[in-house]
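Here you go:
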């Protein structure tokens, strides 16, 4: 499978559109999932995927194989999604600013019981609350959190992708988790 | 009282960003402290809840639609003008730029682009002379990009700090000129192999375009949105840092 992908990448580097199309078919949906988590908007995510793949085609000669092709595409897609958000600054929520001091502890500020049946029944509502709170995060907070939590990137990789130092990346993740914690409070 | 913060617990959860010693300390503390375990369970539930957000899947025709649009763009790009036309376009841009200073910069970049193209194309020239040409061209680019970033920094500061409509109108005009030069410098940096600078300049472009198209009577909300954006993205800091890096590199080269 990996060898097959390497062959496709090598062919695409030589300008073989058919090979590049196979790569697009393999990754487009995965890139959409990533981009929609960042943009919270299907149309923006689709535009971001389009831009990312076009940039990948234009710069595929620069892909040096030090990371996997998937990782390389991921990074391009994250930047494409961020660019879509910049172009649509209105998507930044007015509630995106940090809440409270980042260094204050926030876990267990209210007593939390083990989830009972009624909490399980609230699963859909929790999902909606979480979705709302993800949407209220700043783009950087949400992107850093998505990359760490959903995509499994290391903080070092996140810092490189977002052109931030590791401390700023950590703070973005801390703020995101703090906001996410707020999503659960009304239900407890 | 525990000295393990919630932030430490978050890093511990992901086993990322803490050294092995700190992870071991948290391990031990979790074994001995019920209150810390309770906080950790709270964190685990919080992060598990993140997975409860409903997934958004693309529709069935998504991949085909993406490829169709992509193929058109690839086709257009492959028919785009090649290097000779690129130099002509740079020269035209230089003539059309509003400011004489920017026109001078663009002209220098034409020389730079031609120099690089000539360097890449000739096979019999000595490596030494070619390297000297290339280094000179890079210094020319650095000097003008540094000026460009200084102007951009001023633009962003005005946009972020001023409520004067007159200043914003002037800022829009300046932003419009900077959009053109920004593209020019990004292309030149990419051609010179400086992808980091090229990528950063490309990141600046949407902000410059927004500022160029912002009406003088833009609403307070619109300006506040820009201020929030600048604050959250550290764009001003990044502009200054890039400018400082270029200036420092220039000092080392001379």
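Chains as they are written, first to last, in our numbering: chain C, 5 to 192; chain G, 259 to 512. Glycine included, each C-beta is placed from N, C-alpha and C at the ideal position. These numbers come from a predicted model, not from an experiment.
Under the assumption that residue i contacts residue j (Cβ atoms under 8 Å), give the Cβ distance between them as a whole number of angstroms.
i: residue 307 (chain G); j: residue 166 (chain C); result: That belief does not hold up - the Cβ atoms of residue 307 (chain G) and residue 166 (chain C) are roughly 24 Å apart, past 8 Å.
i: residue 33 (chain C); j: residue 316 (chain G); result: 6 Å
i: residue 264 (chain G); j: residue 86 (chain C); result: 27 Å between Cβ atoms; not a contact.
Distance, Cα to Cα, residue i vs residue j?
i: residue 88 (chain C); j: residue 448 (chain G); result: 22 Å
i: residue 438 (chain G); j: residue 429 (chain G); result: 15 Å
i: residue 24 (chain C); j: residue 13 (chain C); result: 7 Å
i: residue 50 (chain C); j: residue 266 (chain G); result: 36 Å
i: residue 18 (chain C); j: residue 262 (chain G); result: 53 Å
i: residue 440 (chain G); j: residue 178 (chain C); result: 34 Å
i: residue 451 (chain G); j: residue 64 (chain C); result: 14 Å
i: residue 404 (chain G); j: residue 504 (chain G); result: 7 Å
i: residue 289 (chain G); j: residue 35 (chain C); result: 40 Å
i: residue 489 (chain G); j: residue 419 (chain G); result: 11 Å
i: residue 314 (chain G); j: residue 152 (chain C); result: 19 Å
i: residue 458 (chain G); j: residue 416 (chain G); result: 21 Å
i: residue 58 (chain C); j: residue 287 (chain G); result: 50 Å
i: residue 409 (chain G); j: residue 172 (chain C); result: 26 Å
i: residue 170 (chain C); j: residue 278 (chain G); result: 17 Å
i: residue 446 (chain G); j: residue 61 (chain C); result: 20 Å
i: residue 10 (chain C); j: residue 291 (chain G); result: 50 Å
i: residue 442 (chain G); j: residue 295 (chain G); result: 56 Å
i: residue 483 (chain G); j: residue 90 (chain C); result: 11 Å
i: residue 20 (chain C); j: residue 109 (chain C); result: 54 Å
i: residue 7 (chain C); j: residue 69 (chain C); result: 12 Å
i: residue 135 (chain C); j: residue 293 (chain G); result: 29 Å
i: residue 323 (chain G); j: residue 16 (chain C); result: 20 Å
i: residue 381 (chain G); j: residue 319 (chain G); result: The predicted position of residue 381 (chain G) is uncertain, since its pLDDT is 47 and thus under 50; a value taken from the coordinates is nonetheless stated next. Taking the straight line joining both Cα atoms gives about 50 Å.
i: residue 22 (chain C); j: residue 268 (chain G); result: 44 Å
i: residue 275 (chain G); j: residue 487 (chain G); result: 27 Å
i: residue 495 (chain G); j: residue 168 (chain C); result: 11 Å
Give the single residue among the options whose Cα lies nearest to the Cα of residue i.
i: residue 436 (chain G); options: G:499, G:295 and G:471; result: G:471
i: residue 84 (chain C); options: C:156, C:22, C:19 and C:41; result: C:41
i: residue 462 (chain G); options: G:416, G:506, G:406 and G:269; result: G:406
i: residue 44 (chain C); options: C:29, C:90, C:77 and C:138; result: C:138
i: residue 465 (chain G); options: G:328, G:413, G:442 and G:499; result: G:413
i: residue 467 (chain G); options: G:444, G:293, G:431 and G:333; result: G:431
i: residue 157 (chain C); options: C:109, C:79, C:91 and C:136; result: C:79
i: residue 444 (chain G); options: G:469, G:402 and G:417; result: G:402
i: residue 309 (chain G); options: C:133, C:161, C:162 and C:140; result: C:133
i: residue 328 (chain G); options: C:28, C:109, C:47 and C:72; result: C:28
i: residue 74 (chain C); options: C:171, C:169, C:31 and C:20; result: C:31
i: residue 71 (chain C); options: C:59, C:161, C:171 and C:135; result: C:161
i: residue 453 (chain G); options: G:326, G:325, G:486 and G:500; result: G:500
i: residue 26 (chain C); options: G:325, G:276 and G:318; result: G:325
i: residue 154 (chain C); options: C:164, C:140, C:181 and C:48; result: C:181
i: residue 187 (chain C); options: C:47, C:92 and C:140; result: C:140
Within its chain, find whatever has a CB closer than 6 Å to the CB of residue i; leave out the 5 residues flanking it on each side and keep chain order.
i: residue 502 (chain G); result: none
i: residue 176 (chain C); result: 144, 145 and 148
i: residue 67 (chain C); result: 76
i: residue 455 (chain G); result: 447
Between which two residues does the alpha helix (DSSP H) harbouring residue i extend?
i: residue 458 (chain G); result: 453-470
i: residue 285 (chain G); result: 278-290
i: residue 324 (chain G); result: 320-336
i: residue 310 (chain G); result: Here residue 310 (chain G) belongs to no alpha helix (DSSP H), and DSSP marks it neither H nor E.
i: residue 80 (chain C); result: 73-91
i: residue 22 (chain C); result: 21-43
i: residue 48 (chain C); result: 46-63
i: residue 148 (chain C); result: 143-149
i: residue 271 (chain G); result: 264-272
i: residue 261 (chain G); result: Careful: residue 261 (chain G) lies outside any alpha helix (DSSP H) and carries neither H nor E.
i: residue 160 (chain C); result: 159-166
If you drop the 5 nearest sequence neighbours on each side, which residues of the same chain put their C-beta closer than 8 Å to that of residue i?
i: residue 271 (chain G); result: 298, 301, 302 and 305
i: residue 281 (chain G); result: 270 and 273
i: residue 283 (chain G); result: 262
Residues in its own chain within less than 7 Å of residue i by CB, not counting five upstream and five downstream?
i: residue 81 (chain C); result: 35, 38, 39, 52, 53 and 56
i: residue 174 (chain C); result: 159
i: residue 493 (chain G); result: 414 and 465
i: residue 433 (chain G); result: 413, 466, 469 and 470
i: residue 507 (chain G); result: 400
i: residue 336 (chain G); result: none
i: residue 497 (chain G); result: 407, 410, 411 and 414
i: residue 491 (chain G); result: none
i: residue 460 (chain G); result: 444
i: residue 46 (chain C); result: 40
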